[in-house]
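Note that the working numbering gives residue 238 to position 230 of the sequence shown, counting from 1, and the numbers run on in steps of one. Each residue gets a CB set at the ideal place from its N, CA and C atoms; glycine is no exception.
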Amino acid sequence: MALLDIINLKTYFPSADGLVKAVDAVDLRIENGERLGLIGETGCGKTVLGMSIIRLLSSSTRIQGQIIYKGRDLLGLTEDEMRLLRGGEIAMILQNPTTSLNPVLKVGDQIAEVIRLHGGLDKKAAKAKAVEMLAATMIPNPLMRADQYPHELSGGMKERVMIAMGLAGQPSFVIADEPTRGLDARTKAEIVKLIRDMTAGRSMLMITHDLKAAGEACDRIAVMYAGELLEIASAELILSDPCHPYTQGFVHSLPSRGLQPIPGSSPSLIDPPSGCRFHPRCPRSMDICQREHPPMIRLHKGDFVRCFLCT
Ligand SMILES: Nc1ncnc2c1ncn2[C@@H]1O[C@H](COP(=O)(O)OP(=O)(O)OP(=O)(O)O)[C@@H](O)[C@H]1O
Ligand SMILES: [Mg+2]
Numbered sequence: 009m010a011l012l013d014i015i016n017l018k019t020y021f022p023s024a025d026g027l028v029k030a031v032d033a034v035d036l037r038i039e040n041g042e043r044l045g046l047i048g049e050t051g052c053g054k055t056v057l058g059m060s061i062i063r064l065l066s067s068s069t070r071i072q073g074q075i076i077y078k079g080r081d082l083l084g085l086t087e088d089e090m091r092l093l094r095g096g097e098i099a100m101i102l103q104n105p106t107t108s109l110n111p112v113l114k115v116g117d118q119i120a121e122v123i124r125l126h127g128g129l130d131k132k133a134a135k136a137k138a139v140e141m142l143a144a145t146m147i148p149n150p151l152m153r154a155d156q157y158p159h160e161l162s163g164g165m166k167e168r169v170m171i172a173m174g175l176a177g178q179p180s181f182v183i184a185d186e187p188t189r190g191l192d193a194r195t196k197a198e199i200v201k202l203i204r205d206m207t208a209g210r211s212m213l214m215i216t217h218d219l220k221a222a223g224e225a226c227d228r229i230a231v232m233y234a235g236e237l238l239e240i241a242s243a244e245l246i247l248s249d250p251c252h253p254y255t256q257g258f259v260h261s262l263p264s265r266g267l268q269p270i271p272g273s274s275p276s277l278i279d280p281p282s283g284c285r286f287h288p289r290c291p292r293s294m295d296i297c298q299r300e301h302p303p304m305i306r307l308h309k310g311d312f313v314r315c316f317l318c319t
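Quick look at the structure:
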């Protein structure tokens with residue numbers, strides 16, 4: 009049995025201009041112990057997909073489909089049942105450390121709080137464990153840093169605190185949202201290595217713009233575009249020989265491949281293009297691509313692609 013099986017997930021937000029279809033009929037499976045990268049341009053729905061799994065969305069959100077985690081549909085759980093899973097069983101390392109950390113609490117106390125909630129330790133033992141967790145993130149002077157407030161830490165250190173907090177409850181499944189955003193190249197490489205090491209033996213969904221980071225930390229990569237998944241394959245294949253023209257464009261926009269951006273901009277999620285959502289920007293678009301919506305085709309075990317050229 010897969011650890012997580014997302015079936016036909018739709019997460020829509022009502023707005024004055026119409027329904028924003030941020031996640032539109034997504035099917036995705038994550039195996040036990042698997043680390044999956046989720047990449048795609050800004051606004052394509054990555055964070056909303058992560059938030060849908062852990063159910064951190066406002067009550068006006070329309071969410072449909074199934075999110076089967078260890079055999080239970082998370083969408084059918086009550087808020088109390090969900091609260092028991094959050095942090096301990098499934099944890100999310102949120103996108104923005106600056107707004108996600110509590111500015112008036114020492115970082116060590118914030119990590120200790122998660123440990124106390126999920127590990128049943130008393131205050132003193134939880135604080136000691138928090139320092140241990142910080143040390144595991146290779147932050148220099150963990151004992152001193154634990155007693156500081158978020159504004160006293162650098163961006164890279166705050167990200168380390170977020171990772172320590174995310175893993176403090178010993179979750180089986182971690183959702184890491186843009187853990188390397190805004191960091192310099194060296195810190196980025198360190199954080200990717202840290203994530204890979206600290207999530208060994210767990211399952212992870214790593215949301216990122218950074219294909220290189222996803223390639224280093226993940227086994228498979230799923231590519232998202234305008235609320236849909238377009239391609240899922242091993243990290244190796246996605247980086248070396250992807251089939252979907254969008255993934256190819258994404259790979260060519262890597263700094264190491266010449267930084268060629270994909271021409272055009274992301275489509276509206278309220279009224280996406282007909283046929284293939286990528287066809288207006290696709291260098292290899294055919295007549296059929298404007299008329300028909302390509303289905304997601306399974307190529308091999310765990311490899312999928314949504315493109316008429318790849319079938
Ligand atoms: N609470 C909300 N209400 C209405 N629309 C929302 C809400 N949250 C997200 N959206 C919209 O859903 C779409 C997807 O947003 P999401 O944050 O998932 O993008 P993303 O892929 O994570 O982008 P980025 O890479 O910039 O983080 C966007 O168009 C966004 O404006
Ligand atoms: Mg996001």
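Exercise. Just curious, the alpha helix (DSSP H) that residue 256 is in, first and last residue?
Worked result: 253 to 260
* **Residue nearest to residue 196 in terms of C-alpha spacing, selected from 181, 180, 182 and 219** => 219
Checklist entry - Between residue 312 and residue 240, is the Cβ-Cβ spacing less than 8 Å? => result yes
Legend entry - Any chain D beta carbon closer than 8 Å to residue 26: Protein chain content of the structure displayed is limited to a single chain, and chain D is not contained in it.
Can you tell me the Cα-Cα spacing of residue 187 and residue 169, whole angstroms? 11 Å
- Message: Measuring only the C-alpha atoms, how far is residue 175 from residue 226?
- Response: 17 Å
| query | Cβ of residue 101 versus every heavy atom of ligand 2: is any distance shorter than 7 Å? | reply | no
Hey, how far is the Cα of residue 32 from the Cα of residue 121?
About 36 Å.
Notebook entry, point to check: Comparing the CB of residue 30 with every heavy atom of ligand 1, is any distance shorter than 7 Å?
Noted result: yes
task = To the nearest angstrom, report how far apart residue 150 and residue 140 are at their CA atoms.
result = 8 Å
message = Helix, strand or coil for residue 278? Go by DSSP, reduced to three states.
response = coil
For residue 186, verify whether its CB is less than 7 Å away from any heavy atom of ligand 2. It does: the Cβ of residue 186 is within 7 Å (strictly closer) of some heavy atom of ligand 2.
With three or more beta-carbon pairs closer than 8 Å as the criterion, would you say the stretch 228 to 236 touches the stretch 270 to 285? A contact exists between the stretch 228 to 236 and the stretch 270 to 285.
Practice problem: Use the C-beta contact count for residue 112: other C-beta atoms within 10 angstroms, 16 or more gives buried, fewer gives exposed. | Solution: Counting Cβ neighbours within 10 Å, residue 112 comes out exposed, since fewer than 16 surround it.
Please determine whether the Cβ atom of residue 196 lies at a distance below 7 Å from any heavy atom of ligand 2. no
Is it buried or exposed for residue 24, if we count other Cβ within 10 angstroms and need 16 for buried? Counting Cβ neighbours within 10 Å, residue 24 comes out exposed, since fewer than 16 surround it.
Please state the DSSP three-state secondary structure of residue 286. coil
Buried/exposed call for residue 280, threshold 16 Cβ in 10 Å:
buried
> Which parts of the stretch 73 to 131 are runs of the beta strand (DSSP E), unbroken and 3 residues or longer, counting only runs that do not cross its ends?
Replying inline: 98 to 101
Checklist line | Between the CA atoms of residue 100 and residue 291 - distance to the nearest angstrom | finding: When the Cα atoms are used, residue 291 and residue 100 turn out to be separated by approximately 36 Å.
> At a cut-off of 7 Å, is residue 54 close to ligand 2 when judged by its beta-carbon and the heavy atoms of the ligand?
Replying inline: A distance criterion of 7 Å places the beta-carbon of residue 54 in contact range of ligand 2, judged by its closest non-hydrogen atom.
Residue 215 beta carbon near ligand 2 (any heavy atom closer than 7 Å) = Yes - ligand 2 has a heavy atom lying nearer than 7 Å to the Cβ of residue 215.
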